[in-house]
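Structure record follows, encoded as structure tokens.
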Amino acid sequence: NTHLTYKASDLEWTSGVYTSYYGGDHFGELIWARYAPEANPRQRYYSGNGDKNETSVFSKVNWSLDADWSIYADLQQRWISYRTSGITADLVPLNVREAYGFFNPKFGVTRNFGKGQLLYASFGRSHREPRRSDFEQGVFTPERLDDIELGWRAQGSTAKGQRYKYSLVDYYMNYQDQLVLTGAIDNSGAPIRATSGRSYRAGLELEGSWQFTKQWSLQSALALSQNKNLDFVSSIDGVLQNLGTTDISFAPSIITSASVVYTPFEGARFAWTTRHVGDQFMSNTQSPVSLLPAYTVHDFTASYAWPNPVIGKTMSFEILANNLFSSAFSSNGYYYTYDDDFSVPGTITTIEGTGYYPQALLNILAGITLGF
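Residue numbers (the working numbering): 35 to 406.
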């Protein structure tokens, strides 16, 4: 990894090269079995290896046209190659020879209005290659993303000396072959991904903080979005069906949080935080069976930090009370289907199922941190 930087009064230019290599063995060992008299201790029941080479070159420039306007450009070229051999945990051969080349450009412009007010716009293209677990599922196509953003940032103080800071971002992300979660998991519990053809994510994100007295402050965030697959195709009851526009899995349309923070004196901090996550589907078919219901959670944190030259530079004590009202909710889960072709001879029926990861009710944690 090496780079070269040039700086002038109104210009900053950086170019560089990055290269990496990964090589590793992938295997599973039989560590225990009730009935395996002929098995050797720690006998491998599958084995393989994988190699990944990556090289990228980049060049980016930031140019201040004047006191108000600036532009930037960032150009990157990536080359990735994969080689795998052997068999998977499902005892299926995995022999991959794949090479990818990606050109990732990004451009932006910023307008500074002064007094902490900033407007910016950007366009960028990026790519994401599949990983080994995707190859095991037969996914070899890379993801392409075109991202357009328009944002506003501001910070300052009111006439009464109350400090504020906020940012507002509007974005549209257009995908080709987005790598999305299917909702299913593999035999080790890892999520499985697949490509979804054409899809998009569009939304509005707002973050802000307001210090309305010396002791009291408010911090909040709001994300509103639409996350859609276009012309999504899935096999249902043995027939490929075009489901049209469906929600992307694990993509709630609303996520929000707010914290009220009280600092009565130096080193002490108390915070009440409320988080809300909207409804989301665990599948890309928008099946009602795969719905993960919305939930709201309240947490409380109390901490105190003080200098402690005897043990170290600082010491802090913290208590966290999570899920104060013991709300029963699941923040994640999985969804699966299988075709039933035996209950009714000659008829295929798609059976759906789900699993959930319920979160703890009221739980309290305490900790001490030493700084050296």
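We put the beta carbon where it would ideally sit given N, CA and C, even for glycine. No experiment lies behind these values; they were computed from the predicted model shown.
Asked, Found
"Under 8 Å, with one C-beta from each stretch per pair, do the region 86-99 and the region 38-57 reach the 3-pair mark?", "yes"
"Could you check where the beta strand (DSSP E) with residue 304 kicks off and where it finishes?", "302-311"
"Sort out for me which residues DSSP pairs residue 111 with in a bridge.", "91 and 137"
"For a test of the three-state rule: what should DSSP assign to residue 324, helix, strand or coil?", "helix"
"List, from N- to C-terminal side, the alpha helix (DSSP H) runs of 4 residues or more that fit wholly inside the region 140-199.", "166-170"
"Relative to the ligand ADP, is the shortest distance from any of its heavy atoms to the C-beta of residue 390 smaller than 7 Å?", "Within the structure as shown, the ligand ADP is missing, as the structure has no ligands at all."
"Residue range of the beta strand (DSSP E) that residue 262 falls in?", "250-264"
"Starting from residue 315, follow its DSSP beta bridges and name the residues at the other end.", "325"
"How many angstroms separate the CA atom of residue 282 from the CA atom of residue 229?", "11 Å"
"To the nearest angstrom, how far is it from the Cα of residue 303 to the Cα of residue 249?", "9 Å"
"Between the region 281-296 and the region 243-262, can you find at least three pairs of beta-carbon atoms closer than 8 Å?", "yes"
"How about residue 104 and residue 49: are their beta carbons less than 8 Å apart?", "no"
"Would you identify the three-state DSSP class for residue 272, choosing helix, strand or coil?", "coil"
"When burial is assigned at 16 or more other CB atoms within 10 Å of the CB, is residue 217 buried or exposed?", "buried"
"Using the Cα positions of residue 121 and residue 127, report the straight-line distance between them to the nearest angstrom.", "4 Å"
"Take residue 232 as the anchor and find which of 211, 220 and 175 has the nearest alpha-carbon.", "211"
"Please classify residue 285 as buried or exposed, where buried requires at least 16 neighbouring CB atoms within 10 angstroms.", "buried"
"Where does residue 83 fall in DSSP's three states?", "strand"
"Need the endpoints of the beta strand (DSSP E) that residue 226 sits in, please.", "225-229"
"Measuring CA to CA, which of 185, 131 and 196 is closest to residue 172?", "131"
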